[in-house]
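**Student:** Start counting the sequence shown at 132; every next residue gets the next number (the working numbering).
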Amino acid sequence: MYQQLERTVRNAIRDGRLPAGARLPSSRALAAELGISRGVVTSAYDQLAAEGYLETRQGAPVRVARAVRAQPPRAPTPSLLERFAYDFGPGLPDLAGFPRDRWLRSLRSAWRESALDAVGYGDPRGVPELREALADYLRRVRGTVADPEHVLVCTGFRQGLSLTCRWLRANGIEHVALEDPGWHAHRLIVEEAGLAVTPVPVDAEGIDVVELARTGAEAVVVTPAHQFPTGAVLGARRRAALIEWAERGDRLVIEDDYDAELCRDRVGALQGLAPDRVLYIGSASKRLTPGMRLGWMLPPSWLSWALISAKAIEDAGSEIAGQLALAHFIAGGELERHLRRMRLRYGRRREALLAALSGALPDWRPSEATGGLHVLVALPNNLDEPTLLATAARHGVGIEGLSLHSYTGECAPGLVLGHAYMAEPAIERGVQLLREAAIAAHGS
Ligand SMILES: Cc1ncc(COP(=O)(O)O)c(C=O)c1O
């Protein structure tokens, strides 16, 4: 009852019905008028005074605090991210497919079963349950060599790469090689750390290791399981050459394993072949959902303490509730169950996208579909990529251009189309709208 009273008075103050300085009835009078006990009213008044809405002084009438200003209703602040009715952005998994009930079950169990000190300042590496669950999962599913001692939980791939780049910079490294085309955020993170980017071309077998060796770079970021954005899988010979390159010069390979379990050819992680030269970084963003902001690093043992110490200084360890829930989720086999469902679902959606494209836009050429969450599509040369993006946005369709992920931005026109987020009917409608946008872009 006191909460109801609190809410009523708080809302009246916020929307200006009770202005600053207004006098409220005494607790005795209000209690009598409402037919409730006086204790309920004083409790509500005390709480609102603690929140700064009321002034209550011994012997003086209760008043609305003078500093309070009415807050007229406002439209919510618009998001910094553009939203589209049909979103082919490659970054999103199927958000509606996220198993909320099962996750809630894990979250509840994690809170119920965790020790009292689990929610205090934790080990900066992450909660032991999650480090153990990850080490075991990654060993089984990705073929990594992982010791829970050296697993480091972070807030997604981005933080993992950022901590690493800052360490590289502090240790005299000036250049980091990146795949070109490659995920644009790799470049942003590397440059933010004060390092220069050396682009290395990518072909149907992944990064060109001969070109990489020519750059003189001391570290490289690669997406060997599923090159972003081309979808290429790093070939066996290239893998061996890359590891040899790293071992020959005590160099570092940073492996971005962003969506491997969702790919058609599930080759093992590079890290399993050379754990002393490869720093593995995985993420929950594609496997579960990006809003979780959870990732995991398997650094070489010689690098792990430096990164753990950097993580401890930066944020004292990642948020605990999500970590505990993920540990429970993995231990109960729920992650694998979810990934199995999503692989089938994404396969159907990819087929729907390819069929819709071949029907509506036959001169757009999708690259070989290797699974995951996106397909690279080459556009006809006479179609201007920026014009198409702008026209599609006006048609309510969100798409991402290949040039965003090209180091120079001077690549042949192309799109990186995500097919995981929308269900088949929306994909089909989205492609129809893309066709209309393409016709309009042609004319402009
Ligand atoms: C190539 C690549 N790596 C990693 C990620 C995940 O980054 P994060 O874990 O910071 O969300 C993405 C997400 O879009 C990606 O495209």
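We treat Cβ as the ideally placed atom computed from N, Cα and C, and that holds for glycine. Owing to the predicted nature of the structure, the values given are computational and were not obtained by experimental measurement.
For ARG289, tell me which candidate among HIS317, ARG262, ALA372 has the shortest Cα-Cα distance.
**Tutor:** Among HIS317, ARG262, ALA372, the Cα nearest to that of ARG289 belongs to HIS317.
**Student:** So, with DSSP's three-state summary, where would you put TYR133?
**Tutor:** Looking at TYR133 - three-state DSSP - the assignment turns out to be helix.
**Student:** Out of LEU546, VAL547, GLY561, which one is the CA nearest neighbour of MET553?
**Tutor:** Ranking LEU546, VAL547, GLY561 by Cα distance to MET553 puts GLY561 first.
**Student:** So, at 8 Å on beta carbons, what are the nonlocal neighbours of ASP387 in its own chain, with the 5 sequence-adjacent residues on each side left out?
**Tutor:** For ASP387, where only same-chain residues beyond five positions count, the Cβ hits under 8 Å are PHE288, LEU292, TRP314, HIS317, VAL352, VAL353, THR354, PHE359, ILE412.
**Student:** When you compare only the Cα positions, how much space is there between GLY403 and ASP339?
**Tutor:** Rounded to whole angstroms, GLY403 to ASP339 spans 21 Å at the Cα level.
**Student:** Of the residues GLY253, HIS573, GLU555, which one's Cα is nearest the Cα of TYR217?
**Tutor:** Comparing Cα-Cα distances from TYR217 to each of GLY253, HIS573, GLU555, the minimum goes to GLU555.
**Student:** Does the contact criterion of 3 or more C-beta pairs under 8 Å hold for the region 437 to 451 versus the region 242 to 257?
**Tutor:** Touching, yes, given that three or more Cβ pairs across the two stretches are closer than 8 Å.
**Student:** Residues bridged to VAL307 by DSSP?
**Tutor:** Per DSSP, VAL328.
**Student:** In three-state terms, what does DSSP make of MET553?
**Tutor:** The answer is coil: DSSP assigns MET553 none of H, G, I, E or B.
**Student:** Using only CA atoms, which one of HIS306, ASP381, GLU310 lies nearest to THR539?
**Tutor:** Among HIS306, ASP381, GLU310, the Cα nearest to that of THR539 is on GLU310.
**Student:** Between PRO430 and ASP407, which are expected to be in contact by the criterion C-beta below 8 Å, what is the C-beta distance as a whole number of angstroms?
**Tutor:** Rounded, the Cβ-Cβ distance is 10 Å, inconsistent with contact.
**Student:** Below 8 Å on the Cβ atoms is my guess for ASP278 versus ALA264; work out the distance and round it to an integer in Å.
**Tutor:** Contact doesn't hold; Cβ gap of about 14 Å is too wide.
**Student:** Below 8 Å on the Cβ atoms is my guess for VAL195 versus PRO156; work out the distance and round it to an integer in Å.
**Tutor:** VAL195 to PRO156, Cβ: 12 Å. No contact.
**Student:** DSSP three-state label for LEU212, please.
**Tutor:** Coil.
**Student:** Please give me, in chain order, every unbroken run of the beta strand (DSSP E) with length at least 3 that falls completely inside the region 344 to 403.
**Tutor:** You should have 350 to 353, 383 to 387.
**Student:** Would the C-beta of TRP427 count as close to ligand 1, meaning under 7 Å from any of its heavy atoms?
**Tutor:** Because no heavy atom of ligand 1 lies under 7 Å away, the Cβ of TRP427 does not count as near it: no.
**Student:** Between the alpha carbons of LEU299 and ALA377, how many angstroms are there, rounded?
**Tutor:** LEU299 and ALA377: Cα-Cα distance of roughly 15 Å.
**Student:** What number of angstroms, rounded off, separates the C-alpha of VAL282 from the C-alpha of ARG345?
**Tutor:** Spanning the two alpha carbons is a distance of roughly 32 Å.
**Student:** Under the three-state reduction of DSSP, which class applies to ARG154: helix, strand or coil?
**Tutor:** Strand, per DSSP.
**Student:** For ILE338, which beta-bridge partners are listed by DSSP?
**Tutor:** Note: ILE338 sits in a beta bridge opposite VAL333.
**Student:** Where do the ends of the beta strand (DSSP E) carrying ILE412 lie?
**Tutor:** That run of the beta strand (DSSP E) goes 409 to 414.
**Student:** Between ALA441 and the rest of its own chain, which residues show a CB-CB distance below 7 Å, the 5 nearest in sequence each way excluded?
**Tutor:** Same-chain partners within the cutoff: LEU294, ARG297, TRP298.
**Student:** Given a threshold of 16 other Cβ atoms within 10 Å of its Cβ, counted over all protein chains shown, does VAL341 qualify as buried or as exposed?
**Tutor:** Burial call: exposed.
**Student:** Could you tell me if the beta carbon of ASP387 falls within a distance shorter than 7 Å of some heavy atom in ligand 1?
**Tutor:** Indeed, a heavy atom of ligand 1 lies less than 7 Å from the Cβ.
**Student:** So who's on the other strand from ALA509, going by DSSP bridges?
**Tutor:** DSSP lists ARG496, GLY545 as partners of ALA509.
**Student:** Just the C-alpha distance for PRO497 and ALA437, rounded to the nearest angstrom, thanks.
**Tutor:** Going by the C-alpha atoms only, they are around 43 Å apart.
**Student:** If you reduce the DSSP assignment to three classes, tell me which class TRP427 lands in.
**Tutor:** In the structure shown, TRP427 sits in a strand (DSSP, three-state: E or B).
**Student:** Cβ of GLY545 within 8 Å of Cβ of PRO421?
**Tutor:** No, the Cβ-Cβ distance between GLY545 and PRO421 is not below 8 Å.
**Student:** Could you check whether the region 516 to 534 touches the region 203 to 220, counting it as contact only if at least three pairs of C-beta atoms, one from each stretch, sit closer than 8 Å?
**Tutor:** Touching, per the Cβ criterion.
**Student:** Do you know offhand how far GLU482's Cα is from PRO517's?
**Tutor:** Cα to Cα, the separation comes out at about 26 Å.
**Student:** Rounded to whole angstroms, what is the Cα-Cα separation between LEU179 and ARG159?
**Tutor:** Between LEU179 and ARG159, the C-alpha separation is close to 17 Å.
**Student:** What does the alpha-carbon distance come out to for the pair LEU484 and ALA443?
**Tutor:** The alpha-carbon atoms of LEU484 and ALA443 are separated by roughly 44 Å.
**Student:** Check each candidate in ALA543, ALA249, GLU559 and name the one with the smallest Cα separation from HIS550.
**Tutor:** The candidate whose alpha carbon is nearest that of HIS550 is GLU559.
**Student:** Taking the alpha helix (DSSP H) that VAL171 falls in, what are its first and last residues?
**Tutor:** 169 to 181 is the extent of the alpha helix (DSSP H) around VAL171.
**Student:** Check whether the Cβ of PRO634 sits closer than 7 Å to any heavy atom of ligand 1, and report yes or no.
**Tutor:** Outside the displayed span of the chain (132 to 575) sits residue 634, for which this structure offers no information.
**Student:** Are the Cβ atoms of ALA415 and LEU425 separated by less than 8 Å?
**Tutor:** Cβ atoms of ALA415 and LEU425: closer than 8 Å.
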